[in-house]
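Just so you know, we're using our numbering here: the sequence shown kicks off at 12 and counts up by one.
Even glycine gets a Cβ: it sits at the ideal position worked out from N, Cα and C.
Just so we're clear, the structure is a prediction, and the values are computed from it rather than from any experiment.
First comes the structure, then the notes that go with it.
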Amino acid sequence: MRRFVLALALVLAACVGETTEPPPDLDTPLLQVRYEGGLAPAQFFLTQGPAFTLTRDGKLISPGAVPAIFPGPMVTPYFSSQVTPGELSQIQDMIEAIGLPDMVREMDDDAIATVFDAHTTVVTYWDENGAHTYSVYALGIAEPQREESRRLQEMITVLETLAGRSSVEWVGDQVQLVAIPGAIDPELFEEAEEWPLDETVDTWDEIASMRCAVLDASVLEAFAGANQATTFPSPDPAWADVFRLAVRPLHPGETGCEVPG
């Protein structure tokens, strides 16, 4: 009930015309929430982007729904919704209540003794002093004991509410391509498609047996017919005979090709 009231309060605040004056560079990130750790392999976290990114001009970016089909799309879909000035002001108040401006890199790992291999929720806030990060282990699984963690959980509930409103597809300026060795099912997907770009995977960064590159979002046009099971011939037989791709747009504040945590 408390979470519902918080979400409703944001909507009502927008209606009374409360405004904020965002600082310059409005398309830069104000806040980002992502999930790290747990039992999931490095491939999962390398190919999954943030749960939420909120820019200073009120653009809220979050993952879109993936069709329940196989094979699914090669490109991870993201959508953006617009947060009003009043809602942005309320979120800034929640950031202050958590204490993010006074943190550098702090962590609440109180639940680590009772919860095994859960993910860690990581929130990053940017201001004129740089990045401020607060991490909470098993948030949403174990009841948080710290006030900062409870307030973070409330803010995430609000972000979920705002992201569920009217939204449009979001791509961004750059995309991260992760080349994963092998085919999902060699018997079903034996024939590899011709590699459509000038760049080759043997020149990309190597991370946990995968290869990764950050390219301009315009390259997506070359992969219009590909999906998550599409394979491409590898130029390096020592690494793999064929590989497939996981592609996602990079959010503001991300550089790409790094495994979080």
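First through last residue of the alpha helix (DSSP H) which encompasses residue i
i: V169; result: 158-174
i: D99; result: For the sequence presented, residue 99 should be read as Leu rather than Asp. Its alpha helix (DSSP H) spans residues 96-109.
Selection from the options that minimises the alpha carbon distance to residue i
i: A142; options: E154, Q156, L170, P112; result: P112
i: G60; options: L226, G75, G49, Q239; result: G75
i: D68; options: E47, Q93, F81, Q101; result: Q93
i: T132; options: A122, E139, G264, W215; result: A122
i: R255; options: G264, P263, T241; result: T241
i: L37; options: L71, E210, S177, L170; result: L71
i: Q103; options: V115, P207, T87, L41; result: L41
i: T39; options: L57, T64, G48; result: T64
i: A194; options: N238, E232, V270; result: N238
i: E180; options: G267, L99, S245, F90; result: F90
i: E154; options: E202, D120, L226; result: D120
i: S273; options: E205, S146, T135, I218; result: A query on residue 273 cannot be resolved here, the shown segment of the chain reaching from 12 to 272 and no further.
i: V44; options: I106, F234, V253, D252; result: I106
i: E265; options: P88, V77, T135; result: T135
Proximal residues to residue i (C-beta, below 6 Å), its chain only, five neighbours per side dropped
i: G175; result: none
i: V86; result: V258
i: S146; result: M118, T131, V133
i: Y148; result: D120, A122, I123, T131
Identity of the residues DSSP links to residue i by a beta bridge
i: E180; result: F90
i: S245; result: Beta-bridge pairing links S245 to no other residue.
i: V44; result: F63, V134
i: G141; result: D138
i: V270; result: Beta-bridge pairing links V270 to no other residue.
i: V212; result: Answer is none; V212 lacks a bridge partner.
i: L150; result: A153
Residues near residue i in its chain [Cβ-Cβ closer than 7 Å; skip 5 each side]
i: V182; result: A228, P260
Enclosing beta strand (DSSP E) for residue i [first to last residue]
i: P82; result: Note, P82: premise wrong, no beta strand (DSSP E); not H, not E.
i: W206; result: Neither: W206 is in no beta strand (DSSP E) and is coded neither H nor E.
i: W137; result: 131-138
i: V258; result: 253-260
i: V186; result: 185-192
i: V225; result: 221-227
i: E117; result: 116-119
i: E217; result: 216-218
i: I72; result: 70-74
Beta-carbon proximity list for residue i, same chain, < 8 Å, skipping 5 on both sides
i: S177; result: S92
i: V115; result: H143, T144
i: Q185; result: V225, L226, D227, A228, P260, L261, G267
i: V126; result: Y148, A149, I152, A153
Chain D contact for residue i (CB, 9 Å cutoff)
i: V126; result: Of the chains in the structure shown, none is chain D; there is only one protein chain.
**Message:** Under 8 Å, with one C-beta from each stretch per pair, do the segment 155-166 and the segment 189-196 reach the 3-pair mark?
**Reply:** By the Cβ test, the segment 155-166 is not in contact with the segment 189-196, since fewer than three Cβ pairs between them sit closer than 8 Å.
**Asked** Three or more C-beta pairs closer than 8 Å, one from the segment 161-172 and one from the segment 205-219: is that the case here?
**Response** no
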